[in-house]
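Colleague: Shown below is the structure under consideration.
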Amino acid sequence: MSNTTIAINPLVSIIMPSYNYGRFISDALESLRAQTYTNWECIIVDDGSKDNTKEVVAGYVKMDERIIYIQQENKGVSAARNAALKKARGEYFQLLDADDMLKPDKLALHVKLLDASPHIDLVYSNALIFEDNGEAEHNFRLFKLPGSTQVSGKNELIIDNLLADNFFLTPSVIFRRKVYEQVGGFVEGLHGLEDWNFWYRAALLGFEFYYDTTVEAQGIIRAHYTSTARKHDKMLLGRIQARELVLNNIRELQKRGKLSLNPMYVNKIINQHKALLNKDKIKYYIFFKDKFFQGLESVFLYGYFSGNPHSALYDGAYWIKERIKKSNLK
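Note that this note's numbering has the sequence shown beginning at 20, numbered continuously upward.
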């Protein structure tokens with residue numbers, strides 16, 4: 020499709036990876052079938068599930084021709100999203116994990132916004148979260164990532180805001196096809212923050228982000244005991260891997276002259292990433308892996324790139340004490 024031509028009633032492709040979420044996926048699909056905007060397709064990629072996902076989805080495929088089911092061997096969430104993206108025919112892409120949901124007007128409001136604003140490439144909203152404790156009634160609350168600030172814009176503003184972490188969650192986002200075509204797919208093999216890595220690469224290429232405060236356009240996050248976010252050591256390793264890849268991406272774009280950013284600013288963010296990378300490595304090596312030599316090396320590098328050796332020494336000492344406590348509890 021053309022990047023400049025806006026289709027009337029454009030097709031929205033819902034990208035839905037699923038791994039052993041047969042008990043949740045009906046809620047996700049019902050939230051799609053309840054959408055007031057009806058021109059969508061949902062591409063479900065079953066990433067090697069061993070539960071009843073296939074049987075649950077089969078009923079929906081029979082009921083609704085907009086729902087497409089693909090099976091693959093277990094390769095991880097990024098590979099599943101990439102398989103769905105390759106199959107997608109839409110002008111706009113909406114991410115939705117199989118354990119999450121959308122409010123009924125989410126697609127309608129964001130399609131209208133994108134149609135009316137050709138300069139905006141990606142729209143995100145707030146998200147609600149609820150604890151799935153098995154009860155019929157859910158207690159929803161507004162979810163905000165710690166230390167995050169929601170902003171609209173592009174280039175330095177978005178890059179700076181994405182430095183430490185995400186400032187929005189996957190079901191809140193809808194973006195144009197051209198973002199995927201230029202950024203490429205999600206990096207496979209990461210243990211977490213694969214979405215952050217994708218958004219950061221989009222920000223480096225100058226795509227414009229827009230923060231929509233409309234309550235009716237929110238995504239809905241389900242928190243449950245199998246959530247990836249509960250596996251803290253893997254999430255930390257994912258942060259490290261994702262940031263290393265972003266650093267490589269910055270250097271590659273800089274080498275190819277693809278960054279429309281001030282060189283001094285680029286050098287600044289490289290050092291900031293190196294500082295945060297080594298801050299995470301201190302905890303990962305000392306607390307989770309008992310690799311004290313690598314941990315102490317990261318203490319030095321964190322202090323060097325952050326310009327704050329005292330903070331680095333404090334972090335190193337703190338995680339050594341925490342590791343000793345952990346050992347004494349065994």
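Glycine residues also receive a C-beta, built at the ideal position from the N, C-alpha and C atoms.
Around the C-beta of D119, are 16 or more other C-beta atoms found within 10 angstroms, so that it is buried, or is it exposed?
Modeller: Buried, by the Cβ-count rule.
Colleague: Buried or exposed: H138, going by 16 or more other Cβ atoms within 10 Å of its Cβ?
Modeller: It is exposed - the Cβ of H138 has fewer than 16 other Cβ atoms within 10 Å.
Colleague: Going by Cα to Cα distance, which pick from G109, Y40 and D66 is closest to I27?
Modeller: Among G109, Y40 and D66, the Cα nearest to that of I27 is on G109.
Colleague: Using the Cα positions of D309 and C61, report the straight-line distance between them to the nearest angstrom.
Modeller: Those two C-alpha atoms are separated by around 44 Å.
Colleague: How would you label P36, buried or exposed, when you count the other beta carbons within 10 angstroms and need 16 or more for buried?
Modeller: Burial call: buried.
Colleague: With distance defined between alpha-carbon atoms, name the residue in A236, I86 and A102 nearest to E92.
Modeller: Taking only the C-alpha atoms, the option nearest E92 is A102.
Colleague: DSSP state of S136, grouped into three classes?
Modeller: Here S136 sits in coil by DSSP.
Colleague: Determine the contact status of K125 and A236, defining contact as a CB-CB distance below 7 Å.
Modeller: Their beta carbons are under 7 Å apart, which means K125 touches A236 by this criterion.
Colleague: Where does K340 sit, in a helix, a strand or coil, going by DSSP?
Modeller: Residue state, collapsed to three classes: helix.
Colleague: Measure the alpha-carbon distance for D299 versus I289 and round it to whole angstroms.
Modeller: So the two alpha carbons sit approximately 16 Å from each other.
Colleague: If we ignore side chains and look at the alpha-carbon of each, how far apart do I34 and E150 end up?
Modeller: Their backbone Cα atoms lie some 23 Å apart in a straight line.
Colleague: As an exercise, report each continuous beta strand (DSSP E) stretch of at least 3 residues that is fully enclosed by the region 30-86, in chain order.
Modeller: The qualifying runs are 31-37 and 59-66.
Colleague: Sorted by chain position, which residues of the same chain lie with C-beta nearer than 8 Å to L278's C-beta, five sequence neighbours on each side aside?
Modeller: For L278, where only same-chain residues beyond five positions count, the Cβ hits under 8 Å are L223, I269, L272 and V285.
Colleague: By Cβ distance, which residues of its chain are closer than 6 Å to V96, with the 5 residues on each side in sequence left out?
Modeller: Counting only Cβ-Cβ distances below 6 Å, and skipping sequence neighbours, we find P36.
Colleague: On the CB-based measure, 16 or more other CB atoms within 10 Å of its CB, does D252 come out buried or exposed?
Modeller: Per the 10 Å Cβ criterion, exposed.
Colleague: Tell me which residues share the same chain as I193 and place their Cβ nearer than 6 Å to its Cβ, disregarding the 5 neighbours each side in the sequence.
Modeller: Cβ within range, chain order: Y111, Q113, H129 and V142.
Colleague: If you run the structure through DSSP and keep just helix, strand and coil, what is D231?
Modeller: It is a strand residue.
Colleague: Mapping DSSP to helix, strand and coil, what is F312?
Modeller: Residue state, collapsed to three classes: helix.
Colleague: Could you check which residue in S346, L256 and K345 has the C-alpha nearest to that of Y304?
Modeller: Comparing Cα positions, the closest option is L256.
Colleague: Would you identify the three-state DSSP class for D334, choosing helix, strand or coil?
Modeller: In this structure, D334 counts as helix in the three-state DSSP scheme.
Colleague: Looking at the secondary structure, which residues open and close the alpha helix (DSSP H) in which Y284 lies?
Modeller: Where Y284 is concerned, the enclosing alpha helix (DSSP H) stretches over P282 to K302.
Colleague: Quick one, are the C-beta atoms of A127 and T55 less than 7 Å apart?
Modeller: Yes. Within cutoff.
Colleague: Could you name each continuous alpha helix (DSSP H) segment of 4 residues or more that falls completely within the region 192-272, going from the start of the chain to the end?
Modeller: Counting only runs of 4 or more, we get 196-202 and 213-223.
Colleague: Quick check on DSSP: helix, strand or coil for I305?
Modeller: Here I305 sits in helix by DSSP.
Colleague: Grab the span of the alpha helix (DSSP H) containing I177 for me, first residue to last.
Modeller: Element bounds for I177: E175 to N180.
Colleague: Evaluate E341 with the Cβ neighbour count: other Cβ atoms within 10 Å of its Cβ, from every protein chain shown; 16 or more gives buried, anything less gives exposed.
Modeller: Per the 10 Å Cβ criterion, exposed.
Colleague: Check whether the Cβ atoms of F229 and L181 lie closer than 7 Å to each other.
Modeller: Sequence check: residue 229 is Tyr here, not Phe. Not a contact, by the Cβ cut-off of 7 Å.
Colleague: Find the nearest neighbour of L320 within the set F226, L296 and V76, judged by alpha-carbon distance.
Modeller: Ranking the options by Cα distance to L320, first place goes to L296.
Colleague: Identify, in the order they occur along the chain, each residue of the same chain with its Cβ nearer than 6 Å to the Cβ of R100, setting aside the five sequence neighbours on each side.
Modeller: Result list for R100: I34, P36 and F205, in chain order.
Colleague: For H210, count the other beta carbons within 10 Å of its own beta carbon; 16 or more makes it buried, fewer makes it exposed. Which is it?
Modeller: That one is buried.
Colleague: Which value, in whole angstroms, describes the spacing of the CA atoms of D351 and W215?
Modeller: No statement about residue 351 is possible, as the shown extent of the chain runs from 20 to 349 and does not include it.
Colleague: Using C-beta distances below 7 Å, list every residue in its chain close to D46, excluding the 5 sequence neighbours before and after it, in chain order.
Modeller: The answer, listed in chain order, is M120.
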